[in-house]
Amino acid sequence: MTETTPVLQISGLKIALPKGSDRPYALEGLDLEINPGEIVCLVGESGSGKSLSAGAIMRLLPEPHVHVAEGSIKFRGEEIVAKSETEMRQIRGRDIAMIFQEPMTALNPQKTVGWQLDEVLRLHTKMSRKERRARAIEMLERVHLPDPPSAYNAYPHQISGGQRQRVMIAMALSLSPKLIIADEPTTALDVTTQLQILKLIRELQEQEGAGVLFITHDFGVVAEIADKVAVLRKGILVEQGPASEVLNNPQHAYTRALIGAVPALTPPPLKVPSTAPVVLKGTGLKKTFAARGGMLSGKRKAVTAVKDLTFELRQGETLGVVGESGSGKTTVSRIVTRLLECDAGKVEMDGKDLLALSPREMREMRKHIQMVFQDPMASLNPRKRVVDLIAQGPIVHGADPAKARADARRLLELVELSPASASRFPHEFSGGQRQRIGIARALALEPKVIVADEPVSALDVSVQAQVLKLLADLRDRLNLSLLFVTHDLRVAAQLCDRIIVMQKGEIVESGPTAEVFANPQHAYTQKLLSSIPGRDWTPPVIRTDAA
Amino acid sequence: MSFGLPPVFAYALRRLLQAVPVIILIMVATFLLLKLAPGDTVDALVGDMGGADAAYIARMRAEYGLDQPVWVQLWRYMAKLATFDLGWSFVYEQPVSVVLMDRLGTTLMLMAASLSLAFTLGIALGAIAARKAYSLTDNLISTLGLVFYATPSFFLSLLFIYLFSVKLGWLPVGGIKTIAGFYTGWDHVVDVALHLIMPTAALSLIYLSFYMRLMRATVLEVADLDFVRTARAKGAGEFRLMIHHIMRNALLPVITLLGLQFSTVLGGSVVVETIFTLPGLGQLASQSVVQRDMNTLMGIIFLCSIIVVVVNFLTDVLYARLDSRIELA
Amino acid sequence: MTTLDTDLAPAEPPRLIVFWRRYKRNRAALLGLALFVIVLLMALTAGIVDPGDPLRRAGAPLTPPLTDWATPLGTDQLGRDIFSGIFYGARISLMIGVVATLVAIGIGVLIGALAGYFGGWVDDVLMRVTEAFQTIPNFVLLLTLVAIMGSKIEWITLAIGIVSWTAPARMVRAEFMSLRGREFVDAARNLGVSNASIIFREILPNALPPIVVYASVLMALSILLESALAFLGLGDPNYASWGNMIGQGRSVLRTAAYCAVFPGIAIVLTVLSFSLVGEGLNDALNPRQKK
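Protein chains in written order, with this note's numbering: chain A, 804 to 1350; chain B, 10 to 338; chain C, 58 to 348.
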């Protein structure tokens, strides 16, 4: 046993997929080495095979459908592929631990946090009940959970998402494993929480000297945490090297395209004059939700989603509404489109208060304010053909159906989709393509304002870049006014002329994006900006044909 | 989560307040519906007697209040019902409540036996089938489940009687105890149990297949969830996963089904009790329909509704006890 | 090189073909379909196989099966031909299964859709009514309805529909409650589509697959309910019914068990075919995501 023995050594790993999949191998010839105390990021977009490689190391692939076909995985010099299930069970949780993406679902909802921490110790040690409890509470302390004894007795649903992820980390680290596999551990978290968790992983990993395999799709996170980077594309390792090399001087075209797609944190200069006419104006908007307490209880708690919100959107401008989950930003998009009835306030357009209109008048006005939704799968009726989806709005508003369908085909071209796809159903398209259809549907009514609620957050980076580019093009060409809701500050920086920063239903800061980014005034804005992963890394400007 | 008594009481009270309008609705609707039926109790009685003169019939109608407008009759019935007075059974010549109480025990016994058999065996077989999904064992269990599901209880009852009573002579053909057996103590218990074996099996198999199929499906579903993967990554073995992680979560929908289906099982007892001549509420129900004993029929509906409400309440409490995410209030 | 986001995947074959491909993957479902076709053929050809009244005397009472070609499955204690009774019984079973299911689904969809889409007091009122129906054991309610309306086949069918609508209503309500919050419904509202259009054109088509699957369960349950009624002697005496044949067979169980066994097997196979077809539909309409 010497210092130089790598914790993990993968060579020529090939993972076979079941017959009839889109490709025969999920992973083709992966070579990877992780040394003690090293964080290696495995980067790739969805479908790259990055999560299956974690499954292979843990020997938790859904066999026999998906299995290791070739190659070797050596953990501290010992071949994992050859181990028996009993041997593997001892290794899992003790020598190799895992942290998952969804803190909501990764813990058993029916067992307390303490019980689940205790389970690892019970499985792998001969400690007494008392010792185990002490150890568990010590671990909860090490992951900086407030009040560890009461967290020990809590059920997962009683603590927040970030805290749950801390519990997962405590569980993973409680036996000082030599290798930690973290599969997108911060993807489901807000930026500020994400930074805290990344710091925590770094801190504990340094204390323990463990090797970490960190799986992510986010180059910002890579810049934040990685020592080494490996880039996967459709199961093939395209590039590998020290983090600074790969991030700043990528060699492979795919890496270059991916990095080129990461929005830079430098907002464009303000180009819409503040004299442009106001097209949409919200004044004193308020919304409170009556939330039920428990499933069987009649208690109702009121949650304020938006309190006293005022904003102006000018012709040709993109106004970003930025905030973390629970900030009320999505509620704003639903109030102004009146998908949600507001408690108080006015939304003015053409001198009319949208919130005061009768349902019939509102239906008429809807053609002026259209929406692009977050989830490109859920926002298109799966039982309608694309052409009908796009033509539906004009037809409802009295257009001739034949003409509306002909227009719909032209709109498909406008969003860069083949008109031949008009008679297909939504599930035959990829996520980015579906979002293009959503944009075409919004444009079909030639609205004055488009409200976009997180339109690119469900998409892979390279696709995200293409959709954002399309949106920016269309905005400039058609002189659209956009109300753009997003949690992603990088996206906001790229697209928005002005932004509103929201926290707990209130605007904490607003102004031209460039100014807010350069010189944030409010403490919360400062915290948000300083939490952006990889904020100190400026992606190199790379020109590629694709991005 | 603490499970002190007060929240349960508060919850019970709220549920009671919710159940009362439902039961009133049921009773009013049944009362009015039965009034729509051609002929009333007096017609049925007179028919049994082989005819009577018009004056006598009118006197009887007046005596029972049947000459009053429907609304008055309804009001009187509901007012009496509020004091749990269910009226008089002209067929049994006893208060309906006495007739019902005589029969309640048998039915409850049959229900308890059938449901516990169906539930325990159902979840056990369902869990085994799911663990060995798509294997020979699974196919065997699943096929058996389909056949149980497709076999009507009355046909199954006849098959049982033919096989175990007629051909093999192992089990009594009907009744709740041996007539003129005069067993006491332990012998009595054994005697009743022997009489209940076939009815219980006949009533429970179809529900057993329900629980089994649901359990198999939910175990397969839960086994795919993230927290099971977490437990596996911790190094937990398959048995531990099954007991602590999968079953614990998969049981919940099955318990919901148990509560929802209770009233259907109670309905199923009508046929089984009739075939095995068990003196229970189900047999009473089919007899009351044939004999047009409307007061008794109303009484059965009232009693069954109350039993169903109580059982649903108990399953909800059980559910809340098992599901950490729900707090009673 | 990154693939361009706008490249299309190859087009899929028409939906009906996809549906059939998925359906036939389940071999048990194919067996179910075959059984169903046989029962359907029996129902359709009953008049050809035996043009007479199945309730007439066709031979010596209690002729055992396979002894007389005129009555291949034997006769019952009144000399009625069991073979032709089974063919005519298929008619009644299928007819009642289909009509009662339509009644139940019709009521259920209407109540469930209104309760689920509008919520609030509409939901409260409709759900109380549903609860009331669910609280009375369904067979007891069925007996009561038959006591009131009489044993004519039309009324029996309607009564079976009335005691069976609560489950589909709850199901449709749950579907509507989850679908009404989906983004595509918001998208339609945002285009200015009316409530009625949203309910029937946007949500209902998406709520249909589980309803179709449940319809096959309901058919099976309706057939079981009718046969149980007939078994107790409360069915329509003017039609041959499997349940009634078993009920009659009960009194000669000791000597001529076949009188009850043949119609019993007919019920089991018919109900089995519906459950198998239901499972096949479920696989074909709600495919689970491949892992």
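C-beta: ideal position from N, C-alpha, C; glycine also.
Being a predicted model, the structure only gives us computed values, none of them experimental.
(message) Can you list, in chain order, the residues of its chain with a C-beta nearer than 8 angstroms to that of residue 1264/A? Leave out the 5 residues immediately preceding and following it.
(response) 848, 1020, 1021, 1022, 1061, 1064, 1065
(request) Please determine if the region 1278-1290 of chain A and the region 1308-1317 of chain A are in contact, where contact requires at least 3 C-beta pairs separated by less than 8 angstroms. (result) Touching, no, given that fewer than three Cβ pairs across the two stretches are closer than 8 angstroms.
(message) Please list, in chain order, the residues of the region 307-319 of chain C that have any C-beta partner in chain B closer than 9 angstroms.
(response) 307, 310, 311, 314, 317, 318
(request) Please go through the region 983-1023 of chain A and give each complete alpha helix (DSSP H) segment of 4 or more residues, from N-terminal end onward. (result) The region 983-1023 of chain A contains these whole alpha helix (DSSP H) runs: 994-1011.
(request) Determine the chain A residues that contact residue 1/C at a beta-carbon separation under 7 angstroms, and present them in chain order. (result) Residue numbering for chain C in the displayed model covers 58 to 348; residue 1/C lies beyond these limits and cannot be assessed.
(request) Tell me whether residue 820/A sits in a helix, a strand or coil according to DSSP, three-state version. (result) The answer is coil: DSSP assigns residue 820/A none of H, G, I, E or B.
(request) Within the region 76-151 of chain B, note down every full alpha helix (DSSP H) run reaching 4 residues or more, in order along the chain. (result) 79-91, 105-140
(message) On the criterion of 16 or more Cβ atoms from any shown chain inside 10 Å, does residue 853/A qualify as buried, or is it exposed?
(response) With 16 or more other Cβ atoms within 10 Å, it is buried.
(request) With 8 angstroms as the limit, tell me which residues of the region 134-150 of chain B have their beta carbon closer than that to any beta carbon of chain C; keep them in chain order. (result) none
(request) Throw me the rounded Cβ distance for the residue 1204/A and residue 1215/A pair, which I believe falls under 8 angstroms. (result) In this structure residue 1204/A is not in contact with residue 1215/A, their Cβ atoms being roughly 17 angstroms apart against a cut-off of 8 angstroms.
(request) With residue 253/B as the anchor, note down where its beta strand (DSSP E) starts and where it stops. (result) Careful: residue 253/B lies outside any beta strand (DSSP E) and carries neither H nor E.
(message) Rounding to the nearest angstrom, what Cα-Cα distance links residue 962/A and residue 264/B in this structure?
(response) 27 angstroms
(message) For a cutoff of 7 angstroms on Cβ pairs, would you count residue 213/B as touching chain C?
(response) no
(message) Counting only Cβ-Cβ distances shorter than 7 angstroms, please list the residues of the region 248-266 of chain C near chain A, keeping chain order.
(response) Residues 248, 249, 250, 259, 262, 263.
(message) Please identify the residue among 334/C, 339/C, 320/C, 328/C whose C-alpha is closest to the C-alpha of residue 133/C.
(response) Of the candidates 334/C, 339/C, 320/C, 328/C, the residue whose Cα lies closest to the Cα of residue 133/C is 320/C.
(message) Do residue 997/A and residue 906/A have their beta-carbon atoms positioned less than 7 angstroms apart in this structure?
(response) No; because the gap between Cβ atoms is not below 7 angstroms, this pair is not in contact.
(request) Verify the contact flag: residue 325/C, CB atom, against every heavy atom of the ligand GTP, threshold strictly below 6 angstroms. (result) The ligand GTP is not part of this structure, which contains no ligands at all.
(message) Quick check on this structure: which residue in 229/C, 296/C, 297/C has the alpha carbon closest to the alpha carbon of residue 266/C?
(response) 229/C
(message) What would DSSP say about residue 191/C, mapped onto helix, strand or coil?
(response) helix
(message) Is there a Cβ of chain B sitting closer than 7 angstroms to that of residue 303/C, yes or no?
(response) yes
(message) Which residue wins for smallest C-alpha separation from residue 230/B, given the options 218/B, 217/B, 259/B, 241/B?
(response) 259/B
(request) Give the secondary structure of residue 1286/A by DSSP, where H, G and I count as helix, E and B as strand, and everything else as coil. (result) Assignment of residue 1286/A by DSSP, reduced to helix, strand and coil, places it in the strand class.
(request) For the region 1291-1339 of chain A, list the beta strand (DSSP E) runs that are entirely contained and at least 3 residues long, ordered along the chain. (result) Entirely contained in the region 1291-1339 of chain A, the beta strand (DSSP E) runs reaching 3 residues are, in chain order, 1301-1306, 1309-1315.
(message) If you follow the alpha helix (DSSP H) that residue 1036/A is in, where does it begin and where does it stop?
(response) Counting along the chain, residue 1036/A falls outside any alpha helix (DSSP H), though it belongs to the beta strand (DSSP E) covering 1031-1036.
(message) Alpha carbons only, please: which of 306/B, 323/B, 219/B is nearest the one belonging to residue 131/B?
(response) Among 306/B, 323/B, 219/B, the Cα nearest to that of residue 131/B belongs to 219/B.
(request) Please decide whether residue 182/C counts as near chain B, where near means a Cβ-Cβ distance under 7 angstroms. (result) no
(message) I need the DSSP call for residue 1180/A, collapsed to helix, strand or coil.
(response) Collapsing the DSSP output to three states places residue 1180/A in coil.
(request) Would you list the residues sitting across from residue 812/A in a DSSP beta bridge? (result) 836/A, 877/A
(message) Whole angstroms are fine: how far does the CA of residue 313/B sit from the CA of residue 336/C?
(response) 33 angstroms
(request) For residue 25/B, decide whether its Cβ has a neighbour in chain C, counting only Cβ atoms nearer than 7 angstroms. (result) no
(request) Can you pull the chain C residues whose beta carbon is under 7 angstroms from the beta carbon of residue 163/B, in chain order? (result) 285, 288, 303
(request) Please check if any C-beta of chain B sits within less than 7 angstroms of the C-beta of residue 895/A. (result) yes
(request) Return helix, strand or coil for residue 13/B, following the three-state DSSP convention. (result) Because residue 13/B carries a pLDDT of 47, less than 50, the predicted location of this residue cannot be relied on, and the following value inherits that uncertainty. Reduced to three states, the DSSP call for residue 13/B is coil.
(request) Check whether the Cβ atoms of residue 1197/A and residue 1207/A lie closer than 7 angstroms to each other. (result) yes
(request) Quick one: using the 10 Å Cβ neighbour count with 16 as the cut-off for buried, is residue 1178/A buried or exposed? (result) buried
(message) In the DSSP assignment, the beta strand (DSSP E) including residue 1058/A goes from what residue to what residue?
(response) Taken as a continuous stretch (DSSP letters only), residue 1058/A belongs to no beta strand (DSSP E), being part of the alpha helix (DSSP H) at 1056-1064.
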